[in-house]
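Right, one structure below, let's go through it.
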Amino acid sequence: MKNFEHVDARSLAEASRLLTEKPSVAIAGGQDLLCMMKDGLLEPARVVNLKSIPGLSRIVYDEAKGLSIGALVTLSELEEHPAVRQLYPAIAQAAGLVGSPQIRNLGTAGGNLCQKPRCWYYRGHFPCLRRGGDYCSAAAGQNRYHCILGGDPCYMVHPSDLAVPLVAFGARVEIAGPKGRRSVPLEEFYVPPRVDVTRETILRPGEVVTAIVVPPARGRISAFVKFAERGAWDFAVASVAVVVQKGEDGKLMGGRVVLGGVAPVPWLAPKASEALTGSELSEAAFGRIAELALEGAQPLAQNGYKVPLTKSLVRKALRMAVNA
Ligand SMILES: Cc1cc2nc3c(=O)[nH]c(=O)nc-3n(C[C@H](O)[C@H](O)[C@H](O)COP(=O)(O)OP(=O)(O)OC[C@H]3O[C@@H](n4cnc5c(N)ncnc54)[C@H](O)[C@@H]3O)c2cc1C
Ligand code: SF4
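Sequential numbering of the sequence shown, starting at 0, is according to numbering that gives the first Met the number 0.
So, in structure tokens, the structure goes:
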């Protein structure tokens, strides 16, 4: 690892200044950043510590405003928070399925949303469009863990478990930077490879995530399911979050179906989400929604298995949500 200076930021304004003065990166829990630096994938002159900024570690629930998750809230805190568990179970479930207890104790919500791709060609110094190379090694290479939706020219899968239920709940990301503050829907925070293959998020130089704001739960029910090759300490091969509302007639009143591990961004499945409205709570109806969720999937040579796998996760997530 190359030498770098480590500076504690005392405020958001100071963090923005420190991040723009010289080639710098922000650090929160360090669970991803330090891997990137040790592997020589990032060589900043300065590492700016966000944990020294007060006020970013709070979870606040307000019935009218919803849930505010500070960027420095750890995944363990999120998993264990009573209001999150009760009203936003899919978020608690996703936080609780990240990596291992050690990673969840240090890893933060903001860092989880901003972590870098896990594509083994990207991490392994192989030719990679995202890293400025002239072709994607995964397109014709070892691509069993790569994407089946929204790929081309880059087939990575978005690595954050937490982003999947947050998009399903319609969360917004609060951002602070040199030009002030802004707030964007989480699904617009991520940059699809067709728009810009070299960026994962819309963050501009000097900007940091300060919080994630989730609208009031208001009777919505939810579930998150994840399939990984190992029971723990593993990224999703595929995951699904559903957030739905049940009507008095026993049918669903709408909601969102979001897929993880199968696309370069958390994949909001629009037709499946629309089909929730008026849907019966039957296996046949859940099967139709699962088919719609995977409509348009274009598997690569080695990852066709992700299509039936993800369909079964959609059905399972719907069953879990309505039976909770
Ligand atoms: C072995 C292992 C297994 C893992 N398994 C999973 C898993 O199953 N599911 C999953 O989702 N993740 C997994 N991860 C990733 C881990 O969850 C994330 O790395 C962790 O949540 C990142 O949080 P952090 O605070 O440590 O981020 P850091 O490592 O500190 O930062 C990560 C990135 O985000 C940027 N960043 C951090 N905070 C902010 C902010 N507030 N604003 C703007 N940019 C910011 C940093 O500059 C850096 O680029 C795993 C990691 C490891 C090492
Ligand atoms: S899939 Fe994306 S990250 Fe992986 S090698 Fe191809 S361009 Fe790079």
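Idealized CB from N, CA, C, for every residue including glycine.
Give me, in chain order, the residues of the same chain whose beta-carbon lies closer than 7 Å to that of residue i; leave out the 5 immediate sequence neighbours on both sides.
i, result
"Tyr60", "Leu66 and Ala82"
"Leu299", "Asn142, His145 and Tyr154"
"Gly246", "Met252"
"Pro152", "Leu128, Cys135, Pro192 and Val196"
"Leu71", "Ala27, Leu49, Lys50, Leu55, Ser56, Thr107 and Gly109"
"Asn104", "Thr73 and Ser75"
"Pro263", "Cys146, Gly149, Gly150, Cys153, Met155, Val156, His157, Pro191 and Pro192"
I want to check one thing, is the minimum distance from the CB of residue i to the heavy atoms of ligand 1 below 7 Å?
i, result
"Ile102", "yes"
"Phe188", "no"
"Gln30", "yes"
"Gly110", "yes"
"Gly98", "yes"
"Gly123", "no"
"Phe168", "no"
"Ser159", "yes"
"Ala25", "yes"
"Phe234", "yes"
"Leu202", "yes"
"Thr19", "no"
"Gly230", "no"
"Leu11", "no"
At a cut-off of 7 Å, is residue i close to ligand 2 when judged by its beta-carbon and the heavy atoms of the ligand?
i, result
"Ser136", "yes"
"Pro116", "yes"
"Tyr144", "no"
"Met252", "no"
"Cys153", "yes"
"Arg129", "yes"
"Tyr60", "no"
"Tyr304", "no"
"Tyr120", "yes"
Near residue i, what residues of its chain come up, given a Cβ to Cβ distance below 6 Å and the 5 sequence neighbours on each side ignored?
i, result
"Gly106", "Gly28, Gln30 and Leu74"
"Gly260", "Val156, Ala235, Val236, Ala237 and Ser238"
"Val313", "Val239, Ala289 and Ala292"
Name, in chain order, the residues that DSSP records as bridge partners for residue i.
i, result
"His5", "Val46"
"Pro184", "Arg171"
"Ile147", "Paired residues: none, contrary to the question."
"Asp61", "Gly65"
"Tyr189", "Thr200"
"Ile26", "Asn48"
"Ser238", "Lys225 and Gly259"
Item to complete: Flag this pair as touching only if the stretch 81–94 and the stretch 214–228 have three or more C-beta atom pairs under 8 Å; answer yes or no.
Response: yes
Practice prompt. Examine the Cβ distances between the stretch 72–79 and the stretch 113–122 and report whether three or more of them are shorter than 8 Å.
Written response: As far as the Cβ criterion goes, the stretch 72–79 does not touch the stretch 113–122, which means the pair count is below three.
Practice prompt. Report yes or no: do three or more beta-carbon pairs, one from the stretch 278–297 and one from the stretch 147–154, lie closer than 8 Å?
Written response: yes
Worksheet item: Between the stretch 281–289 and the stretch 198–212, are three or more C-beta pairs nearer than 8 Å?
Response: Contact between the stretch 281–289 and the stretch 198–212 is absent, because fewer than three Cβ pairs lie under 8 Å.
Fill in: the stretch 166–182 / the stretch 14–23 touching (three or more Cβ pairs under 8 Å)
yes
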